[in-house]
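Below: one structure, written as structure tokens.
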Amino acid sequence: MLRVRNVGVHFGGIVALDDVSFEVPAGCIVGLIGPNGAGKTTLFNCLSRLYECDSGEILFDGRSLLRIPRHRIAGLGIGRTFQNLALFRTMSVLDNVMVGRHSHTSTGFFVNALRLPAVAREEQATHEKAWALLRLLELEAVAQVRVADLPFGTQKRVELARALASEPKLLLLDEPASGLNHEEVAILGTLIREIRDRLKLTVLLVEHHMSLVMGISDRVVALNFGKKIAEGTPAEVQQHPELIQAYLGAAT
Amino acid sequence: MNKRTLIGIVLVLLLACALPFAVSEYRNFQFTLVLIYSIALLGLNILTGFNGQISLGHGAFYAIGAYCAAILMEQAGLPYWATIPLAGALCLGAGFLFGLPALRLEGLYLALATFALGVSLPQLLKYHRLEEWTGGVQGIVITKPDAPEFLSGLNLALNQDQWLYFFTLAVAVLMFLLARNLLRGRIGRAMMAIRDNPIAAEAMGINISLVKSLTFGISAMFTGIAGALSAIAVQFVAPDSFNIFLSITFLIGIVIGGLASIPGALYGALFIQFVPNIADEISKAAPWAIFGLFLLGFTYLMPTGIAGAIRLGWVRLTRKAHHKPSRVTTILP
Ligand SMILES: Nc1ncnc2c1ncn2[C@@H]1O[C@H](COP(=O)(O)OP(=O)(O)OP(=O)(O)O)[C@@H](O)[C@H]1O
Ligand SMILES: [Mg+2]
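Protein chains in written order, with the numbering used here: chain Z, 1 to 252; chain P, 1001 to 1333.
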């Protein structure tokens, strides 16, 4: 489904990604791990076209992403969440999720200003889809609450709901468990698997919680200083000497 | 929209319809201006309040609309009502074209670019090569339209000022309706999403450049329509009525009225129309100092504008009445 081939990105002198290649097969949950600054978020940003790749190729469903404008990515079927929450803070939870449907709706300025029947129909459908996601993520009680007034954990779920609203084929999750307590992390793991099974998604998951990544991923890719250092099943990767080295090195 | 809001709007409209028969001719004229300002402020609020693009030069679009109406009426002989949609269309185009390069600018830089527009347009209007159309420094005098014939047939004899008030009211109601439709749906959400977080908005599939430049156009259209109405109401256009102070006044209007609030445009219009007069009555010597005091007072007492204060007051009132719990409890994942 997703093929990353020899991707390189640098910022001035810093090499954020160096000749990284891996694949994400359809229907899988692939974990992307690595110490701080390894280049995980940079890779996500290449996938959503926020950053330009200096070299390499990214193929999604066999099609190159590197010439596609940013706002088309969602429509192709790639949804994402952000490491440091990027919600529409003054808008309600429901409105945030409804914005997530933007790429699946099409009415423009003119028909909206006149509120033609097509608009009412589309709004109705958007509304229903958004509510279904609020139910799935248990956000109904806060549907009308301004996002900025919610606790961090709830905001994370709003972001997940918003990403799901675009009906992605590939879901990119950047540290969804950060800031959650132990119990919440476990629930999140079950939730990600359940969503994958129910909505038939493919998931690329960046996470520092090793128990979570190793517990739910089908495959794991490990980065360090922008280079891929290991790839395989969770069991294989966990044994990898370079990975152990990287994490120990980062810790000391 | 809930029932209470609907009843509120109907009451305000009834009051607005009764107004010209209850007040003096001069007051009637002032309220016509309030309606006109409210359309202009609504336009600026769509841009700044809802989409997050600051404009310090909306007086320019007001001027373009006004001159468009004046020239079309006095030189092309068009009826006054026909100039309104044409002025709107012209400003829609002008705003869109200005919005395109402005896409590269953000925050204070956009403020500067729009300021440049607002400060230079009055001078352009004085330019001698354009004098043939614009009337140069002298401006253009416009004849006041009469109430249509059929009204007297219906035993509804309105004088010119009253008619102009109702005509303006009808245009204002239409513009507020269009704005509400636009803002409550897909496009309105996209505008606000861009304001709150452009990166995330783009990741959700919103074409930021398109939405921002079209929003600029729509905003200019509203303000241009207001400008055209003002030319007809004041019966006169001249470059100096559209100086940069007008643009700043519009910005004051939307902030005091309430950013990103549709009724806020009306509250702001009442403020910019009447508070300078009140200040003038309090002190002939230093009206602007008094105006400044009012401005400080309002911003201090109503940090979210008049619309925000009304909303808050309303929530408190209804809460007391129902004894509802005030905090929403949330469930964790
Ligand atoms: N916009 C940018 N400009 C300059 N340097 C950047 C930029 N984005 C990332 N970097 C650098 O690229 C490297 C990789 O950063 P990245 O955010 O991808 O790491 P990460 O693996 O997501 O780390 P973390 O686990 O802390 O989120 C870091 O050295 C970072 O400082
Ligand atoms: Mg990161």
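Glycine residues also receive a C-beta, built at the ideal position from the N, C-alpha and C atoms. Note that the structure is a prediction, hence the values are computed from the model and not measured.
9 Å Cβ cutoff met for residue i and residue j
i	j	result
L173 (chain Z)	I1199 (chain P)	no
H102 (chain Z)	R1180 (chain P)	no
T1168 (chain P)	I1036 (chain P)	yes
V99 (chain Z)	I1142 (chain P)	no
S1261 (chain P)	G1049 (chain P)	yes
G1118 (chain P)	I1244 (chain P)	yes
M1302 (chain P)	G1088 (chain P)	no
V4 (chain Z)	L66 (chain Z)	no
L139 (chain Z)	T154 (chain Z)	yes
G1099 (chain P)	G1227 (chain P)	no
T90 (chain Z)	V147 (chain Z)	yes
R198 (chain Z)	V30 (chain Z)	no
L1266 (chain P)	V1034 (chain P)	yes
T1083 (chain P)	L1164 (chain P)	no
G8 (chain Z)	L17 (chain Z)	yes
R80 (chain Z)	A1203 (chain P)	yes
A143 (chain Z)	L87 (chain Z)	no
Option nearest residue i by Cα separation, candidates the options
i	options	result
A161 (chain Z)	Z:E23, Z:K228, Z:I192	Z:I192
L85 (chain Z)	Z:S217, Z:V158, Z:V24, Z:G232	Z:V158
H209 (chain Z)	Z:Y247, Z:L17, Z:L134	Z:Y247
S1247 (chain P)	P:W1133, P:G1308, P:L1121	P:L1121
H10 (chain Z)	Z:V30, Z:M1, Z:G39, Z:C28	Z:G39
I1140 (chain P)	P:L1072, P:L1210, P:H1058	P:L1072
T202 (chain Z)	Z:I195, Z:N181, Z:L170	Z:L170
G1093 (chain P)	P:S1219, P:P1020, P:E1281, P:F1021	P:S1219
A1111 (chain P)	P:S1213, P:G1052, P:A1040, P:I1290	P:G1052
I195 (chain Z)	Z:T41, Z:F225, Z:D149, Z:R135	Z:R135
P117 (chain Z)	P:R1104, P:A1170, P:L1125, P:G1185	P:G1185
S1241 (chain P)	P:G1136, P:R1316, P:N1197	P:G1136
Q1075 (chain P)	P:K1144, P:T1134, P:A1279, P:I1046	P:T1134
9 Å Cβ cutoff, residue i in contact with chain P
i	result
L114 (chain Z)	yes
H240 (chain Z)	no
P117 (chain Z)	no
D18 (chain Z)	no
V15 (chain Z)	no
R72 (chain Z)	yes
A161 (chain Z)	no
T107 (chain Z)	yes
S103 (chain Z)	yes
Beta strand (DSSP E) segment containing residue i, residue limits
i	result
D174 (chain Z)	170-174
N6 (chain Z)	2-11
S217 (chain Z)	Element bounds for S217 (chain Z): n/a, residue is neither H nor E.
L22 (chain Z)	The sequence given here places Phe at residue 22 (chain Z); Leu does not occur at that position. 14-24 is the extent of the beta strand (DSSP E) around F22 (chain Z).
A230 (chain Z)	227-232
L59 (chain Z)	55-60
Residue span of the alpha helix (DSSP H) that contains residue i, given as start and end
i	result
G153 (chain Z)	152-165
L1177 (chain P)	1160-1184
E138 (chain Z)	Segment: none, E138 (chain Z) is in no alpha helix (DSSP H) and carries neither H nor E.
I1071 (chain P)	1058-1074
Below-9 Å beta-carbon distance, residue i vs any chain Z residue
i	result
L1293 (chain P)	no
G1305 (chain P)	no
G1188 (chain P)	yes
I1218 (chain P)	yes
M1001 (chain P)	no
I1272 (chain P)	no
V1119 (chain P)	no
I1290 (chain P)	no
G1205 (chain P)	yes
Going along the chain, which residues put their C-beta within less than 7 Å of some heavy atom in ligand 2?
Z:K40, Z:T41, Z:Q83, Z:D174, Z:E175, Z:V206
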